[in-house]
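In order, the protein sequence lines correspond to chains A and B. 1 is the number of the first residue of the first sequence in the numbering used here; add one for each residue after it. 1001 is the number of the first residue of the second sequence in the numbering used here; add one for each residue after it. For each residue, glycine too, the CB sits at the ideal point set by N, CA and C. Heads up: the structure comes next, in structure tokens.
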Amino acid sequence: MIASLVLSPGLVLIAGGLMLPLLARIGLRSVALLAFPALALVLALALPDGVLVTSRFLGLDLVPLKMDATSRVFATVFALMSFAGSLYALNQKSTIELASAHVYAGSAIGVATAGDLVTVFIYWEAMALASTLVILSAGTKAHASGIRYAGIHMLGGVLLMAGIAGEIAATGSTAFTALDLSTVPRMLILSGFLVNVAAPPLSAWLPDAYPTSSWSGMVVLSAFTTKTAVYVLLRGFPGTELLIPIGLFMIFYGIIYAILENDMRRILAYSIVNQVGFMVTGIGIGTELALNGAAAHAFTHIIYKALLLMSAGSVLLMTGRSKCTDLGGLYRTMPLTAVCGIVGALAMSSFPWTSGFVSKSMISDAAGREHLAVVWFLLAAASASAFLYVGIKFPWFVFFQKDSGLRPEEPPLNMRVAMILLAAICIGLGVYPDPLYAMLPYPVAYVPYTVSHVVNQLQLLLFSGLAFFLMLPLLERTLTITLDVDWLWRRPGPWVAGVLDRYSGLTWEKLVDQVIAISTQLYKLLYRHHGPDGLFGRSWPTGTMAFWTTVMLGTVMILSYL
Amino acid sequence: MIEPKRVDPATAPKPWLERPATIRMLWVVSGVILAGLVLADLAIEHHSHFGVDGTMGFGAWYGFAACVVLVLAAKALGLLLKKPDSYYDR
């Protein structure tokens, strides 16, 4: 029996990432890039349910590997994504980026298969480090944003660490189960999770950092950090009502900023926040249908968002441009990239017969069944406008719009195959969702394809498309960015730090100057009196000595006669 | 990054998709599809959660209105927050 042999899919991928630079030297780069994610995928699907590994560390009971349906959905899609992302990135020259991407994906799987809070935290921090390396390996233009990214995630890590320490101190248990918001440590844990899910007020870290990564880097970045955060929210805070307004805010924040944005990859970055907002709202609603919807939507979202970013990454690699104002008309010479981008865009818009339709509608329907009228109407409005701001906007401005005069070629074969693979999954799950539904945490009795639902969704989407073309003059792209909360730490932040630095520096320097001046004075004083020429230090001539001895003897004599 | 081949857009031949006649035809076909979708509601029984969402053409007008409102809201916010894209480079 090999039942005793249990390999952690996350650790396999992390080990693969760490060995990649060595394997690349002996010509096994491509093999290693594909083999480790494939092995992780097999393990994620094959490992049985239950606690698989336990250990003790510093007197704490740890469960480094635990499987159940929720873990399996996330571990599977993370491994699948790692495989597709590696295939797409085979021609990426930076081995550091690819090795970091493996460690990043492995740590994400590690979080999804962790059975206790300490293990969650360790993988969580490994993710932050590895993802920062993925960003930084894009070169000097990504350095500033990479450091800002690391800063925000360190803050999130500190909140999480404090929360977990407090939770263990209060309850004595490291178990990662559903938590309520009754204690301060749990609120800290929730805030640590919310930083990574790109919730307000710090959502800006995502559109600030991801679009500065390389053409292949953003594909992997889009998949793991926010979706691991969705996983831990789903596991730790299901039905927490606070998550509903947070999710709705993220949805509309993403839409409005994406409407104003010019850079195609920044549009897609804002749409990550928007789509993750749907999942967070679903977790806040907290019924079995809503939680299934959040998990299913995380699965489909990872695939179609990666597909969109592969399409955008191909355009970036083959043209060196990512601004809508510079692009347009590329469908002529990049038809495959255009078609794959359109499939991803349709799936993101929950178009019927794509994967987004079978997952997102579960969340809306859960809101309807709970009679959450405001939530339901807002979700419907958001679904409609998703078609406007990405579903049509991305393909239109990149591949159609005007003729930019650019005639780029299609990207290399491995990139085309990766895009076709993900496009096939988007359509496959849309037409036949049963394999996805079978993986979800709770039994599914949901039927997405009713005539009523399809017609209603098509009305929402196609009239949104009509609105796009009627309002096209309002939507023309300009060479602008839209200020976000990151302004605070990019403009006044450094200024305040500079002022503090200058004045605190000044005070310190003054203090040091004073100390030096006083000690110099003291030294000079001592030197004057006790130095070689000082009154008390110099050697006196014998004559002077004799003279003073005479004077003193004379004085003593006179005094004794008085 | 690869610098792609370039042509002058003014003199490049217009493919079928960009000819005015094609574009006119696309508008007509789209109009027919949109009208068909709204009329389909006559034949379909919608199971509504809140009443209004089951009425005829609800998805159509609601989707359209949501987009108009959001685009205008974005424009309004843009007046306050839009900056040249070299803003942080200075």
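Taking Cβ positions, are L249 (chain A) and P200 (chain A) nearer each other than 8 Å? Taking the first residue of the first sequence as 1, we reach residue 249 (chain A) at position 249. Taking the first residue of the first sequence as 1, we reach residue 200 (chain A) at position 200. It is Phe, not Leu, that sits at residue 249 (chain A) in the sequence shown. Going by C-beta atoms, F249 (chain A) is nearer than 8 Å to P200 (chain A).
Is the CB of L90 (chain A) under 8 Å away from at least one CB in chain B? Position 90 of the first sequence holds residue 90 (chain A). Not an interface residue.
Three or more C-beta pairs under 8 Å: does that hold for the stretch 147-156 of chain A against the stretch 100-108 of chain A? no
Where the beta strand (DSSP E) through D61 (chain A) begins and ends: Locating residue 61 (chain A) in the first sequence gives position 61, counting from the first residue. It spans 60-67 - the beta strand (DSSP E) in which D61 (chain A) sits, taken as one unbroken run.
Interface residues of chain A around P1009 (chain B) at Cβ under 8 Å? The residue labelled residue 1009 (chain B) in the question sits at position 9 within the second sequence. The answer, in chain order, is G329, K402, D403, S404, G405.
Less than 7 Å between C-beta atoms, sequence neighbours within five positions excluded: which residues of the same chain meet that for A467 (chain A)? Mapped onto the first sequence, residue 467 (chain A) falls at position 467. Correct list, in chain order: L388.
Going straight from the alpha carbon of A178 (chain A) to that of R186 (chain A), what length do you get? Reading the first sequence from its first residue, position 178 is the one you call residue 178 (chain A). Reading the first sequence from its first residue, position 186 is the one you call residue 186 (chain A). Their Cα atoms are separated by approximately 10 Å.
Measure from the alpha carbon of R265 (chain A) to the alpha carbon of each residue in A:A306, A:T226, A:L233, A:T228, then state which is nearest. Here residue 265 (chain A) corresponds to residue number 265 of the first sequence, with the count starting at 1. Closest by alpha carbon: A:A306.
Say whether the stretch 288-299 of chain A touches the stretch 393-411 of chain A, bearing in mind that this needs 3 or more beta-carbon pairs closer than 8 Å, one atom from each stretch. no
From the beta carbon of Q459 (chain A), is the nearest beta carbon of chain B less than 8 Å away? The residue given as residue 459 (chain A) occupies position 459 in the first sequence. At least one beta carbon of chain B lies nearer than 8 Å to the beta carbon of Q459 (chain A).
What first and last residue would you give for the beta strand (DSSP E) that runs through I481 (chain A)? Taking the first residue of the first sequence as 1, we reach residue 481 (chain A) at position 481. Where I481 (chain A) is concerned, the enclosing beta strand (DSSP E) stretches over 480-482.
Is G192 (chain A) closer than 8 Å to L159 (chain A) when the C-beta atoms are compared? Against the first sequence, residue 159 (chain A) aligns to sequence position 159. Against the first sequence, residue 192 (chain A) aligns to sequence position 192. Yes, the pair counts as a contact, with Cβ atoms nearer than the cut-off.
Within a Cβ cutoff of 8 Å, which residues of the same chain sit near F1050 (chain B), ignoring the five residues on either side of it in sequence? The sequence position of residue 1050 (chain B) within the second sequence is 50, counting from 1. The answer is none, since no qualifying residue turns up.
Which residues does DSSP pair with V53 (chain A) in a beta bridge? Locating residue 53 (chain A) in the first sequence gives position 53, where the first residue counts as 1. Beta-bridge pairing links V53 (chain A) to A:L65.
As assigned by DSSP and simplified to three states, the class of P1084 (chain B): On the second sequence, residue 1084 (chain B) is found 84 positions in, with the first residue counted as 1. Three-state result, P1084 (chain B): strand.
Answer yes or no: does any C-beta atom of chain A fall closer than 8 Å to that of I1023 (chain B)? Counting from 1 along the second sequence, the entry for residue 1023 (chain B) is found at position 23. So no, I1023 (chain B) is outside the interface.
Taking the alpha carbon of N262 (chain A) as the reference point, which residue from A:P211, A:E167, A:P494, A:L221 has its own alpha carbon closest? As a working mapping, residue 262 (chain A) is identified with position 262 in the first sequence. Nearest C-alpha to N262 (chain A): A:P211.
Y432 (chain A) classed as buried or exposed, judged by whether at least 16 other C-beta atoms fall within 10 angstroms: Position 432 of the first sequence holds residue 432 (chain A). Classification of Y432 (chain A): exposed, given that the 10 Å Cβ count is below 16.
Cβ shell of S82 (chain A) (< 6 Å), same chain only, five flanking positions each side left out: Indexing the first sequence from 1 puts residue 82 (chain A) at position 82. Same-chain partners within the cutoff: P37, A105.
If L23 (chain A) sits next to S86 (chain A), beta carbons under 8 Å apart, how far is it from one beta carbon to the other, in whole angstroms? Here residue 23 (chain A) refers to the residue found at position 23 when the first sequence is read from its first residue. Here residue 86 (chain A) refers to the residue found at position 86 when the first sequence is read from its first residue. No, L23 (chain A) and S86 (chain A) are not in contact; Cβ-Cβ is about 13 Å, not under 8 Å.
Which chain B residues sit within Cβ distance under 8 Å of N262 (chain A)? In the first sequence, residue 262 (chain A) corresponds to position 262, counting from 1. Those within 8 Å of N262 (chain A) in chain B are D1085.
Using a Cβ-Cβ cut-off of 8 Å, state whether W495 (chain A) counts as contacting chain B. Here residue 495 (chain A) is taken as the residue at index 495 of the first sequence, counted from 1. For W495 (chain A), the answer is no, since every Cβ of chain B falls outside 8 Å of its Cβ.
Rounded to whole angstroms, what is the Cα-Cα separation between I392 (chain A) and E288 (chain A)? Residue mapping note: residue 392 (chain A) aligns to position 392 of the first sequence, counting from 1. Residue mapping note: residue 288 (chain A) aligns to position 288 of the first sequence, counting from 1. Between the C-alpha atoms of I392 (chain A) and E288 (chain A) there is a straight-line separation of about 32 Å.
Quick one: Cα of D513 (chain A) to Cα of G505 (chain A), how far? Working through the first sequence from its first residue, we reach residue 513 (chain A) at position 513. Working through the first sequence from its first residue, we reach residue 505 (chain A) at position 505. Each residue's Cα considered, the two are about 12 Å apart.
Restricting to Cα atoms, I'd like to know which of A:A84, A:R72, A:S131, A:L413 is closest to I96 (chain A). Indexing the first sequence from 1 puts residue 96 (chain A) at position 96. Checked all of A:A84, A:R72, A:S131, A:L413; the closest Cα to I96 (chain A) is A:S131.
Select from A:F377, A:G115, A:G16 the residue whose C-alpha is nearest the C-alpha of V232 (chain A). Along the first sequence, one-based indexing puts residue 232 (chain A) at 232. Cα-wise, what sits closest to V232 (chain A) is A:G115.
Quick check on DSSP: helix, strand or coil for R72 (chain A)? Taking the first residue of the first sequence as position 1, residue 72 (chain A) is located at position 72. R72 (chain A) falls in the helix class under three-state DSSP.
Nearest-angstrom Cα distance between V455 (chain A) and P448 (chain A)? For the purposes of this step, residue 455 (chain A) is identified with residue 455 of the first sequence, where counting begins at 1. For the purposes of this step, residue 448 (chain A) is identified with residue 448 of the first sequence, where counting begins at 1. Going from the Cα of V455 (chain A) to the Cα of P448 (chain A) covers about 12 Å.
Is the separation between the beta-carbon of T70 (chain A) and that of L41 (chain A) shorter than 8 Å? For this step, residue 70 (chain A) is matched to residue 70 along the first sequence. For this step, residue 41 (chain A) is matched to residue 41 along the first sequence. Contact flag unset, no.
What residues in its chain sit with their C-beta under 6 Å from that of S30 (chain A), if we drop five residues either side in the sequence? In the first sequence, residue 30 (chain A) corresponds to position 30, counting from 1. Excluding positions up to five away in sequence, the list reads L90.
C-alpha distance - I303 (chain A) paired with L413 (chain A), whole-angstrom precision: On the first sequence, residue 303 (chain A) is found 303 positions in, with the first residue counted as 1. On the first sequence, residue 413 (chain A) is found 413 positions in, with the first residue counted as 1. Answer to the nearest angstrom: the Cα atoms are 19 Å apart.
Suppose the cutoff is 6 Å on Cβ atoms and the five residues either side in sequence are ignored; what does the same chain contact list for V1038 (chain B) look like? Taking the first residue of the second sequence as 1, we reach residue 1038 (chain B) at position 38. Correct list, in chain order: G1057, A1060.
From A:S173, A:V499, A:Y446, A:T113, pick the residue whose C-alpha is nearest to that of L60 (chain A); which is it? For this step, residue 60 (chain A) is matched to residue 60 along the first sequence. Closest option to L60 (chain A), Cα to Cα, is A:S173.
Chain B contacts made by the stretch 111-132 of chain A, where a contact means CB separation under 7 Å: none
Below 7 Å, is the gap between the Cβ of A386 (chain A) and the nearest heavy atom of the ligand HEM? Although the ligand HEM was asked about, the structure shown includes no ligands whatsoever.
Would you call the stretch 218-233 of chain A in contact with the stretch 195-209 of chain A, where contact means no fewer than 3 C-beta pairs closer than 8 Å? yes
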